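Quick note on the working numbering: the sequence shown kicks off at 125 and runs consecutively. C-beta: ideal position from N, C-alpha, C; glycine also. In this text the structure is predicted, and so the values were computed from the model without any measurement. Everything below concerns the one structure shown next.
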Amino acid sequence: MIVALDGTVLLVAQPDLQRDLGATVTQVQWTSTGYLLAVAAFLVIAGRLGDRYGHQRLLPIGVLGFGAASAGIAFAPGAGWVIVLRIAQGVFGALLQPATLALLRLVYPPDRLGAAVALRTSAIGVAAGTGPLLGGFLVAHLGWRAVFLVNVPVALAIAALTLAVRVPKAPRVRSGRTDLVTAALFAAVLAVLVHSLTGVPERGWDAPQTFLGLVLVVCLAVALVMRERRSSQPFVPPVVARSVPVVASMAILLVTSGAMFGALFVSTFVLQNALGLDPLTTGLRVLPLTVMMVLGAPAAHAMLRRYGARRAAITGQALVVLAVVGLSALGPSSPWVWWSAAFAVLGAGFAVVMVTATGTVVGDAPPGFAGVVGGLKQTAMNVGPALGIAVAAGTMPLHPSAALLPGVEPSTSGPVMGTALLALAALAALGLLPARLLPARQDGEAGRRRARQRDSARPRRTASSQGPGGGRAGFKSPSETGK
Numbered sequence: 125m126i127v128a129l130d131g132t133v134l135l136v137a138q139p140d141l142q143r144d145l146g147a148t149v150t151q152v153q154w155t156s157t158g159y160l161l162a163v164a165a166f167l168v169i170a171g172r173l174g175d176r177y178g179h180q181r182l183l184p185i186g187v188l189g190f191g192a193a194s195a196g197i198a199f200a201p202g203a204g205w206v207i208v209l210r211i212a213q214g215v216f217g218a219l220l221q222p223a224t225l226a227l228l229r230l231v232y233p234p235d236r237l238g239a240a241v242a243l244r245t246s247a248i249g250v251a252a253g254t255g256p257l258l259g260g261f262l263v264a265h266l267g268w269r270a271v272f273l274v275n276v277p278v279a280l281a282i283a284a285l286t287l288a289v290r291v292p293k294a295p296r297v298r299s300g301r302t303d304l305v306t307a308a309l310f311a312a313v314l315a316v317l318v319h320s321l322t323g324v325p326e327r328g329w330d331a332p333q334t335f336l337g338l339v340l341v342v343c344l345a346v347a348l349v350m351r352e353r354r355s356s357q358p359f360v361p362p363v364v365a366r367s368v369p370v371v372a373s374m375a376i377l378l379v380t381s382g383a384m385f386g387a388l389f390v391s392t393f394v395l396q397n398a399l400g401l402d403p404l405t406t407g408l409r410v411l412p413l414t415v416m417m418v419l420g421a422p423a424a425h426a427m428l429r430r431y432g433a434r435r436a437a438i439t440g441q442a443l444v445v446l447a448v449v450g451l452s453a454l455g456p457s458s459p460w461v462w463w464s465a466a467f468a469v470l471g472a473g474f475a476v477v478m479v480t481a482t483g484t485v486v487g488d489a490p491p492g493f494a495g496v497v498g499g500l501k502q503t504a505m506n507v508g509p510a511l512g513i514a515v516a517a518g519t520m521p522l523h524p525s526a527a528l529l530p531g532v533e534p535s536t537s538g539p540v541m542g543t544a545l546l547a548l549a550a551l552a553a554l555g556l557l558p559a560r561l562l563p564a565r566q567d568g569e570a571g572r573r574r575a576r577q578r579d580s581a582r583p584r585r586t587a588s589s590q591g592p593g594g595g596r597a598g599f600k601s602p603s604e605t606g607k
């Protein structure tokens, strides 16, 4: 929640930060881009370290480091320091996210894990909804530095609780030394991919920088795969790569987060530029999405328990597709209630997908690799939004920078944004394919393992070992034998 809150409050603080430090637009952009690149590059590495050394050790390190970086940003004398410390904040933030998922798997039994995941999803929704409001209040009364300073006492409190609470010991992965070259290749692939995608809205898909960046991603990915295939201890363990529920959940989260954030990207500019709404009114129009994320998470958990992961994921994915298609049909003359209804359906669908896919990822993670799986899950959630915004920007008939400027004619903004939203709906529809690969029932690897242990511990009963009249397995009464 603290990581999600930090990302949303910064959006409100950036204009004040730029004025106070005399920063350029590029420097302000890098306060967000640098953080995003660091998180995306180190999530899986952090999960791997947690599996090897213990997530309860890494969690306080991540929390305290995140708080220390926040304090440094609050007292930073210039924009350069802010960028460097935001990158450091991203590295420590990467330590937090896989650890929280792995500890949920460790603490909660399979029958209660879904409720914990639903609560986590609701907390993220609360952070996303309250972040801009909290950020606006802090910036208006105390300045942009207070946005980062508020993280310090929260981080100290979380670290104290983490050190005080005892959790069961997780199985450790006994492996050799981590291949630093493979880890560097993995981080480079993700960093270059995210950097290339985040530049598409400004430069377009046909820009040389975009093309060269994607070519570099392919080259680095080929080198990574070749090294992984030759390694006796791959960076991503084969047991994880072969887990169909885990891989399917990653794919679902990738395309669904891309569709949702891409739709928000497009809709925000329609509301502000075509309808002329101010940021606060725009936020209120989008508020039903946040409300349904918070309220929909517990309902999604109930759906998951009753109908299983496959049906729940397909239902949530269908709601996301329906909502994005609905947004594509709206324009400047559409009643506000239709906008609110579309955002509400989008939030409900995303909540169902998040709870289902996250619960599947955590529950079906192979023993000893919950951190790696959690890191991969969070990586999908970081790459997905960048992909969705890039798809939206690339499918607009006008160049992105022209289409999104204030003053675009209302008569043209509808078709322009409608095309982009239909492309995002198609992206979301791709998630229906991996959704069909999820298990029909949400038992999870941990639940199946405990069931096997119970079966192996249950004494075998035979007809000769059962007493008459007990009605137990193996005993046949006289009426059954005909005697």
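Whole-angstrom distance between residue j and residue i, CA atom to CA atom
| i | j | result |
| --- | --- | --- |
| Ala-453 | Val-496 | 40 angstroms |
| Val-349 | Ala-550 | 29 angstroms |
| Gly-492 | Ile-211 | 29 angstroms |
| Ala-383 | Ser-373 | 15 angstroms |
| Phe-380 | Ala-315 | In the sequence under discussion, the amino acid at residue 380 is Thr, which differs from the Phe named in the question. Approximately 21 angstroms, taken between the alpha carbons. |
| Val-410 | Val-418 | 14 angstroms |
| Val-208 | Gly-158 | 8 angstroms |
| Leu-81 | Val-394 | Outside the displayed range of the chain (125 to 607) lies residue 81, so it cannot be described from this structure. |
| Pro-277 | Ala-283 | 10 angstroms |
| Phe-310 | Leu-401 | 42 angstroms |
| Val-339 | Tyr-431 | 43 angstroms |
| Ala-375 | Val-507 | 11 angstroms |
| Pro-358 | Ala-240 | 31 angstroms |
| Arg-269 | Pro-422 | 35 angstroms |
| Arg-290 | Ala-170 | 21 angstroms |
| Gln-441 | Ile-248 | 19 angstroms |
| Lys-238 | Leu-287 | Sequence check: residue 238 is Gly here, not Lys. For Gly-238 and Leu-287, the distance between alpha carbons rounds to 25 angstroms. |
| Leu-388 | Val-152 | 21 angstroms |
| Leu-470 | Val-250 | 16 angstroms |
| Pro-361 | Leu-257 | 42 angstroms |
| Ile-185 | Leu-548 | 38 angstroms |
| Phe-261 | Thr-405 | 16 angstroms |
| Arg-351 | Leu-344 | 11 angstroms |
| Pro-139 | Val-163 | 23 angstroms |
| Val-318 | Arg-176 | 27 angstroms |
| Gly-555 | Ala-312 | 26 angstroms |
| Leu-378 | Val-485 | 13 angstroms |
Residue-chain proximity (residue i, chain D), Cβ-Cβ < 8 angstroms
| i | result |
| --- | --- |
| Val-363 | Here there is only one protein chain, and chain D is not present. |
Contact belief for residue i with residue j at Cβ below 8 angstroms, rounded distance in angstroms
| i | j | result |
| --- | --- | --- |
| Ala-436 | Val-476 | 6 angstroms |
| Ala-336 | Gly-255 | At residue 336 the sequence reads Leu, which differs from the Ala that was named. With a Cβ gap of about 35 angstroms, Leu-336 and Gly-255 do not count as contacting. |
| Thr-480 | Ala-424 | 7 angstroms |
| Ala-468 | Leu-413 | 7 angstroms |
| Ala-223 | Gly-174 | 5 angstroms |
| Ala-179 | Ala-226 | The sequence shown places His at residue 179, rather than the Ala named in the question. His-179 to Ala-226, Cβ: 4 angstroms. Contact. |
| Ala-466 | Gly-450 | 4 angstroms |
| Val-445 | Ala-544 | The pair is not a contact, with the Cβ atoms about 15 angstroms apart (cut-off 8 angstroms). |
| Leu-183 | Thr-503 | About 18 angstroms; that fails the 8 angstroms criterion. |
Residue of the options minimising C-alpha distance to residue i
| i | options | result |
| --- | --- | --- |
| Arg-172 | Ala-193, Leu-220, Leu-209 | Leu-220 |
| Ala-331 | Gly-542, Ala-550, Gly-518, Leu-546 | Gly-518 |
| Ala-279 | Val-444, Thr-322, Gln-213 | Gln-213 |
| Ala-472 | Val-394, Gly-420, Ser-457, Leu-209 | Gly-420 |
| Leu-408 | Ala-247, Ala-372, Ser-464 | Ser-464 |
| Ala-489 | Arg-366, Thr-439, Val-346 | Arg-366 |
| Val-263 | Arg-143, Leu-401, Leu-556 | Arg-143 |
| Leu-399 | Val-410, Leu-446, Pro-456 | Pro-456 |
| Gln-396 | Leu-243, Val-133, Met-541 | Met-541 |
| Val-448 | Met-427, Arg-430, Phe-474 | Phe-474 |
| Met-505 | Ala-270, Leu-183, Thr-405, Leu-161 | Leu-161 |
| Ser-156 | Asp-175, Ile-169, Leu-182, Ile-197 | Ile-197 |
| Leu-557 | Val-341, Leu-446, Arg-434, Arg-244 | Arg-434 |
| Ala-147 | Phe-199, Ala-203, Pro-184, Trp-154 | Ala-203 |
| Val-346 | Gln-333, Thr-306, Leu-377, Leu-228 | Thr-306 |
| Ile-438 | Leu-228, Val-133, Met-478 | Met-478 |
| Thr-150 | Leu-182, Val-168, Phe-199, Val-206 | Val-206 |
| Val-127 | Asp-140, Ala-564, Thr-392, Val-274 | Val-274 |
| Phe-199 | Val-271, Ala-252, Gly-498, Phe-166 | Val-271 |
| Arg-429 | Leu-182, Leu-317, Gly-487 | Gly-487 |
| Gly-267 | Leu-545, Arg-176, Leu-134 | Leu-134 |
| Ser-355 | Ser-246, Leu-304, Ala-544 | Leu-304 |
| Val-368 | Leu-562, Ala-312, Trp-460, Pro-201 | Leu-562 |
Residue i beta carbon near the ligand FMN (any heavy atom closer than 7 angstroms)
| i | result |
| --- | --- |
| Gly-255 | This structure lacks the ligand FMN; in fact it carries no ligand of any kind. |
- prompt: Should the region 189-203 be called in touch with the region 233-245, which here means at least 3 C-beta pairs below 8 angstroms?
  reply: no
query: Would you say the region 499-516 touches the region 304-322, given that touching needs at least three Cβ pairs under 8 angstroms?
result: yes
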